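Structure, as structure tokens:
Residue numbers (the working numbering): 147 to 649.
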């Protein structure tokens with residue numbers, strides 16, 4: 147059937163087209179069926195949605211991002227026909243029964259995910275099968291290689307070093323210290339980072355306050371050729387594109403299968419040619435990994451997977467029971483990172499950053515085992531890391547002379563005070579994340595939280611313990627109401643609850 151394109155100014159993020167119900171019936175397709183859509187220059191497989199009024203008979207609604215793939219514009223014509231169900235669906239059904247999948251079966255699933263041949267419901271079924279049944283190390287290796295192979299790869303033609311965190315702890319802006327320390331030592335560290343999904347700030351969100359983060363593969367190579375390091379958003383490189391699709395489907399389900407996490411992280415490292423990787427595994431209450439035994443088991447899996455892929459992996463198990471540093475949110479974290487590079491930042495941020503950077507320096511042969519942290523600290527305190535960070539900011543198109551005080555923070559603010567004398571006994575990672583996001587982070591760069599005290603701090607009644615920053619009064623009110631409800635900072639002696647609540 148030949149249909150006229152009605153271009154919809156919507157970025158769907160998935161391959162979906164909209165048909166009039168009459169045309170759908172004529173072709174014999176129903177909601178969530180697949181059709182082959184072909185233009186004069188390209189073709190795709192898309193999932194069908196149906197309307198009785200929004201799209202007229204003889205038209206096909208095509209989203210903006212899908213139109214770019216098909217290279218069509220409004221009122222162009224495309225042909226469509228019913229597409230057969232992909233064979234990979236049978237492999238997903240096998241995994242739903244707990245069956246181990248082969249290399250070819252996993253490759254077929256990943257290929258169909260990237261090519262849009264699977265609906266979100268079918269991808270969710272696969273992810274849930276991973277969640278419930280897990281994967282053995284061979285399956286995880288096959289998944290990792292498939293995700294890396296179906297996408298762009300970058301060859302820097304020399305040893306590549308990298309650091310990655312499994313996430314889960316707010317305020318973890320250590321990459322903004324580690325990258326310039328390692329690059330200042332002469333090692334190549336092209337850090338590709340993610341933007342926040344459920345957290346108040348990903349590394350790319352924070353770096354974006356200081357410089358642009360979206361680059362092509364060739365532009366990334368040019369940047370690191372000049373300054374030996376970069377901190378950019380990996381989503382702009384088309385490396386391991388299946389990962390972005392898996393993450394999008396995972397988000398509403400609030401799941402993160404361990405096997406998928408391993409493949410997600412390592413596929414991107416494989417795609418950019420990483421040779422030496424330091425993996426940060428924050429561990430503690432409300433972190434992704436809560437116990438040392440769990441952290442060690444996960445670390446062993448990363449090391450073994452790295453061996454299979456030809457990547458030397460060392461894991462640093464770090465304290466993750468409360469936020470890193472004293473601020474959460476893109477602008478606040480960028481400001482704190484610059485202060486730390488000047489030697490003025492919080493001890494927890496500096497200690498963690500130099501410890502992890504030190505492992506990379508040891509792997510690069512620039513420090514003896516156990517001495518890397520000292521070398522990293524020397525690079526930081528000497529000002530070499532700050533100088534290198536300014537070079538990286540400039541190479542990425544930012545202002546190299548930016549100062550911490552130049553960074554704007556949300557002007558709508560409220561402080562929460564200690565209700566009694568005592569010691570701070572708990573800072574909740576989950577509550578801090580929820581409140582910062584309610585305040586507008588990471589979309590509103592100036593939104594976030596300032597922590598005046600952390601676990602072990604002595605406070606007096608009326609002392610500020612937390613400040614919420616927002617770019618709008620409405621979001622500040624929402625975040626404050628949530629903070630009152632969740633009580634993110636606990637002071638010893640606080641009345642936590644009263645029973646019965648009413649008389």
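The C-beta atom is built at its ideal place from N, Cα and C for all residues, glycine as well.
All values derive from a computational prediction rather than experimental measurement.
*Just reading off the alpha helix (DSSP H) that residue 397 is part of, what are its end residues?*
The count along the chain shown starts at 1 and reaches residue 397 at position 251. 387–399 is the extent of the alpha helix (DSSP H) around residue 397.
_Assigned secondary structure, residue 630 (DSSP; H/G/I helix, E/B strand, else coil)_ = Translated into the one-based positions of the chain shown, residue 630 becomes position 484. Residue 630 falls in the helix class under three-state DSSP.
*Can you tell me whether residue 637 is buried or exposed, with buried defined as 16 or more other CB within 10 angstroms of its CB?*
Translated into the one-based positions of the chain shown, residue 637 becomes position 491. Buried, by the Cβ-count rule.
_Residues of its chain near residue 461, where Cβ-Cβ distance is below 7 Å and the 5 sequence neighbours each way are ignored_ = Taking the first residue of the chain shown as 1, we reach residue 461 at position 315. Closer than 7 Å at the Cβ level, and outside the excluded window around residue 461, lie 425, 427, 445, 448, 449.
*residue 277 and residue 403 closer than 9 Å at C-beta*: On the chain shown, position 131 is the one that residue 277 refers to. On the chain shown, position 257 is the one that residue 403 refers to. Yes.
*Going by alpha carbons, who is nearest to residue 626 out of 540, 585, 646?*
Numbered from its first residue, the chain shown carries residue 626 at position 480. That would be 585, whose Cα lies nearest to the Cα of residue 626.
*Any idea if residue 263 is buried or exposed, counting beta-carbon neighbours within 10 angstroms, 16 or more meaning buried?*
Against the chain shown, residue 263 aligns to sequence position 117. With 16 or more other Cβ atoms within 10 Å, it is buried.
*Who are the near neighbours of residue 582 in its chain, counting only those whose CB is closer than 6 Å to its CB and skipping five residues on each side?*
Within the chain shown, numbered from 1, the residue matching residue 582 stands at position 436. A distance below 6 Å between beta-carbons, with the five flanking residues on each side excluded, links residue 582 to the following residues of its chain, in chain order: 346, 474, 475, 594, 595.
*Would you mind giving the Cβ-Cβ distance between residue 334 and residue 374, rounded to the nearest angstrom? I have them listed as a contact below 8 Å.*
Against the chain shown, residue 334 aligns to sequence position 188. Against the chain shown, residue 374 aligns to sequence position 228. Sure, about 6 Å apart at Cβ, within 8 Å.
*Within the chosen definition, does the region 326–340 reach the region 566–576 through at least 3 CB pairs nearer than 8 Å?*
no
*Have a look at 408, 563, 392 and flag the residue whose alpha-carbon is nearest the alpha-carbon of residue 267.*
For the purposes of this step, residue 267 is taken as residue 121 along the chain shown, with counting starting at 1. It is 392.
_Output needed for residue 536: all residues of its chain with C-beta closer than 8 Å, excluding positions within five of it in sequence on either side, in chain order._
As a working mapping, residue 536 is identified with position 390 in the chain shown. These residues qualify, in order along the chain: 546, 547.
*asked:* How far does the beta strand (DSSP E) with residue 336 in it extend, from its first residue to its last?
replied: In the chain shown, residue 336 corresponds to position 190, counting from 1. From DSSP, the beta strand (DSSP E) with residue 336 extends over 335–339.
*Taking the continuous alpha helix (DSSP H) assigned at residue 580, which residues delimit it?*
If you number the chain shown from 1, residue 580 lands on position 434. Residues 575–584.
*asked:* Please list the terminal residues of the continuous beta strand (DSSP E) segment that includes residue 224.
replied: Locating residue 224 in the chain shown gives position 78, counting from the first residue. It spans 223–228 - the beta strand (DSSP E) in which residue 224 sits, taken as one unbroken run.
*asked:* Taking 6 Å as the limit between beta carbons, can you name the residues of its chain near residue 359, skipping five residues before and five after?
replied: Here residue 359 refers to the residue found at position 213 when the chain shown is read from its first residue. Same-chain partners within the cutoff: 350, 353, 378, 379.
*Quick one: is the Cβ of residue 402 within less than 8 Å of any heavy atom of the ligand FAD?*
The model depicted lacks the ligand FAD and carries no ligand whatsoever.
_Minimum length 4: unbroken alpha helix (DSSP H) runs contained in the region 167–226_ = 167–173, 210–216
*asked:* Could you give the first and the last residue of the continuous beta strand (DSSP E) run that contains residue 302?
replied: The residue given as residue 302 occupies position 156 in the chain shown. Per DSSP, residue 302 belongs to no beta strand (DSSP E) and is neither H nor E.
*Neighbourhood of residue 469 by C-beta distance below 7 Å, restricted to the same chain and skipping five residues each side*: Position 323 of the chain shown, counted from the first residue, corresponds to residue 469. Cβ within range, chain order: 315, 316, 317, 573, 575, 578, 597.
*Can you name the residues that DSSP bridges to residue 422?*
The residue labelled residue 422 in the question sits at position 276 within the chain shown. Note: residue 422 sits in a beta bridge opposite 307, 458.
*Exposed or buried, what is residue 289 when buried is set at 16 or more other beta-carbons lying within 10 Å of its beta-carbon?*
The residue given as residue 289 occupies position 143 in the chain shown. With 16 or more Cβ atoms within 10 Å of its Cβ, residue 289 is classed as buried.
*Kindly indicate which three-state DSSP category residue 365 falls into: helix, strand or coil?*
On the chain shown, residue 365 is found 219 positions in, with the first residue counted as 1. Of the three classes helix, strand and coil, the one that applies to residue 365 here is helix, per DSSP.
*asked:* Can you tell me which residues form a DSSP beta bridge with residue 427?
replied: For this step, residue 427 is matched to residue 281 along the chain shown. The partner list for residue 427 (beta bridge, DSSP) reads 463.
*Out of 530, 551, 558, 607, state which residue places its alpha-carbon closest to the alpha-carbon of residue 567.*
Position 421 of the chain shown, counted from the first residue, corresponds to residue 567. It is 607 whose Cα lies nearest to the Cα of residue 567.
_Could you check whether the region 400–418 touches the region 161–179, counting it as contact only if at least three pairs of C-beta atoms, one from each stretch, sit closer than 8 Å?_
no
*Entirely enclosed beta strand (DSSP E) segments - the region 483–534, minimum 3 residues*: none
_From the DSSP secondary-structure annotation, give me the bridge partner or partners of residue 558._
As a working mapping, residue 558 is identified with position 412 in the chain shown. Beta-bridge pairing links residue 558 to 616.
_Classification of residue 420 by the beta-carbon crowding that lies within 10 angstroms, buried from 16 upward_ = What you label residue 420 is simply residue 274 of the chain shown in a count that begins at 1. It counts as buried.
*Ignore the nearest five residues each way along the sequence and tell me which others in residue 480's own chain have a CB closer than 8 Å to its CB.*
Here residue 480 corresponds to residue number 334 of the chain shown, with the count starting at 1. Cβ within range, chain order: 319, 322, 352, 353, 355, 356, 553.
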